[in-house]
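According to the working numbering, the stretch in the sequence shown is residues 14 to 388, in order.
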Amino acid sequence: MLLFLSLLSFSAPLGGDTSPISCYNDNGAAVDWFYMYKLPKEHDRKSPQQGENYLLLEKGSEGWTNGKAKVNDTTGALGRTVGQLYSQGKNTEVAYILYNDQRPPLDFGDRWVDNSGSRGGHTKGVVLLDKNQGFWLVHSTPQFPPVQKAGQYYYPSSGVINGQNFICVTYPLDRFQTIGEQLQINQPNVYDCNVPESLASLVPALAAVCEKKHLPGHILPHIKPVSNRSVTLTSKDGTDFISFAKGASFDNDLYHSWVAPTLQSDLLVQFWIRSPGTLPSDCSQGWKVLDITLINPGQAFTFQTSKDHSKWAVSPEATGSGARGGWVCVGDINRNKAEEKRGGGTVCLQDPVVWKAYRTAALQCQACGGGKIQC
Ligand SMILES: *[C@@H]1O[C@H](CO)[C@@H](O)[C@H](O)[C@H]1NC(C)=O
Ligand SMILES: *[C@@H]1O[C@H](CO)[C@@H](O)[C@H](O)[C@H]1NC(C)=O
Numbered sequence: 014m015l016l017f018l019s020l021l022s023f024s025a026p027l028g029g030d031t032s033p034i035s036c037y038n039d040n041g042a043a044v045d046w047f048y049m050y051k052l053p054k055e056h057d058r059k060s061p062q063q064g065e066n067y068l069l070l071e072k073g074s075e076g077w078t079n080g081k082a083k084v085n086d087t088t089g090a091l092g093r094t095v096g097q098l099y100s101q102g103k104n105t106e107v108a109y110i111l112y113n114d115q116r117p118p119l120d121f122g123d124r125w126v127d128n129s130g131s132r133g134g135h136t137k138g139v140v141l142l143d144k145n146q147g148f149w150l151v152h153s154t155p156q157f158p159p160v161q162k163a164g165q166y167y168y169p170s171s172g173v174i175n176g177q178n179f180i181c182v183t184y185p186l187d188r189f190q191t192i193g194e195q196l197q198i199n200q201p202n203v204y205d206c207n208v209p210e211s212l213a214s215l216v217p218a219l220a221a222v223c224e225k226k227h228l229p230g231h232i233l234p235h236i237k238p239v240s241n242r243s244v245t246l247t248s249k250d251g252t253d254f255i256s257f258a259k260g261a262s263f264d265n266d267l268y269h270s271w272v273a274p275t276l277q278s279d280l281l282v283q284f285w286i287r288s289p290g291t292l293p294s295d296c297s298q299g300w301k302v303l304d305i306t307l308i309n310p311g312q313a314f315t316f317q318t319s320k321d322h323s324k325w326a327v328s329p330e331a332t333g334s335g336a337r338g339g340w341v342c343v344g345d346i347n348r349n350k351a352e353e354k355r356g357g358g359t360v361c362l363q364d365p366v367v368w369k370a371y372r373t374a375a376l377q378c379q380a381c382g383g384g385k386i387q388c
């Protein structure tokens, strides 16, 4: 009986209300955080990839491990984590926000809407919490996840062909007000949300985001809306992440103008190289920010970044005596002209295992001034 009970407490929620709202891994265990790398579809005969395979790195692991499921399965880390939204039903004790500049269908027969040309945030994510804790998932997948009334988790075909990235962090309740404030700066396109009365007074910024009052001026009427803010967000089990959030008025490249000088680190950046007006590698003002051109995450297989829709950055050097390296940032902003004027951001962590996992993925970069070099 005892064994049975302890097994229960580690299993993923199946509609019951005993499991905490959390990031979950492939085995259904609650985890403090995970990174997921959804690999692109490849027509390489030697290692055919169907586009639904992924690599997972969770707190405590030694590097990337192959996903135990497909990204569309409800039994994988992403399905178990985001799936909590659908198993909640009309729970008046649970708050959620789904935002995406390329939203999924809102109803049966509805078409998805690409807002990527609009001035709203170029930003994608999921927030789900109750009065104790919850998670914030930041990702790169268009039309993901489905609205709650879709009734069940699935991964859209729009996210299959290209590589995609996900960072999930479990936070205690009091961090969600800060997360809400970061989202207010981002001005996200919220396509589905609910912040019930029982939670609205605890996380008013999230309630405001849900009401689409996304301009910070709404809570601070006499203060000029901030164009950017970075804050430390400590996870439930005590890992410090730094969230960088910018709004449209920031009007500059996130990585070169702000993240690199703040972290005091050069950066290698993976982003959607097929977006128009991409920014070349930039070595001005003391920081080298290089565009990655060829990658091999987890040494699974090598591909051009034109097949990868992920947006992440890694320090070229490990952290060490004197050197302030060892950073990994995963977010939703590309390096292109249009996105200088769009809301969005990135979530950074200085951790040797996560650093190695991303650093070894970057093979070839664009040199400042042109040409290709080993990263
Ligand atoms: C995902 O699974 C659903 C069934 O749950 C299926 O209808 C859909 O086609 C699948 N999508 C992909 C991209 O495999
Ligand atoms: C906003 O970004 C600038 C760099 O463009 C930085 O110097 C400043 O500290 C940031 N502001 C906040 C509040 O983080």
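Ideal placement from N, C-alpha and C gives every residue a C-beta, glycine not left out.
In this text, all values refer to a predicted model and were calculated from it rather than measured experimentally.
- Taking every protein chain shown into account, the CB of Pro365 has fewer than 16 other CB atoms within 10 angstroms, so this residue is exposed.
- Distances from the CB of Arg242 to the heavy atoms of ligand 2 include at least one below 6 Å.
- Near ligand 1, residues with a Cβ at less than 7 Å from any of the ligand's heavy atoms are Glu65, Asn85, Gln165, Tyr167, Tyr168, Pro169, Ser170, Val173; the list follows chain order.
- Under the three-state reduction of DSSP output, Ile34 falls in the coil class, being neither helix nor strand.
- Going by DSSP, Ile198 is part of the alpha helix (DSSP H) stretching over 188-199.
- Following the DSSP letters along the chain, one finds Ala351 inside the alpha helix (DSSP H) bounded by residues 350-353.
- Placement of the Cβ of Ser270 at a distance of less than 6 Å from at least one heavy atom of ligand 2 is found.
- Here Gln63 is exposed. Its C-beta has fewer than 16 other C-beta atoms within 10 Å.
- Per the DSSP secondary-structure output, Asp321 pairs in a beta bridge with Gly176.
- Taking the CA atoms as reference points, Arg355 sits about 36 Å from Lys81.
- Residue pairing of Ser256 in beta bridges, as defined by DSSP: Val244, Val360.
- Nearest to Tyr112 by C-alpha distance, out of Gln298, Asn202, Ala90, is Asn202.
- In the DSSP annotation of this structure, the continuous segment of the beta strand (DSSP E) that includes Leu141 starts and ends at 137-142.
- When only Cα atoms are considered, Ala108 and Ser240 end up about 26 Å apart.
- When secondary structure is reduced to three states using DSSP, Thr88 falls in the coil class, being assigned neither helix nor strand.
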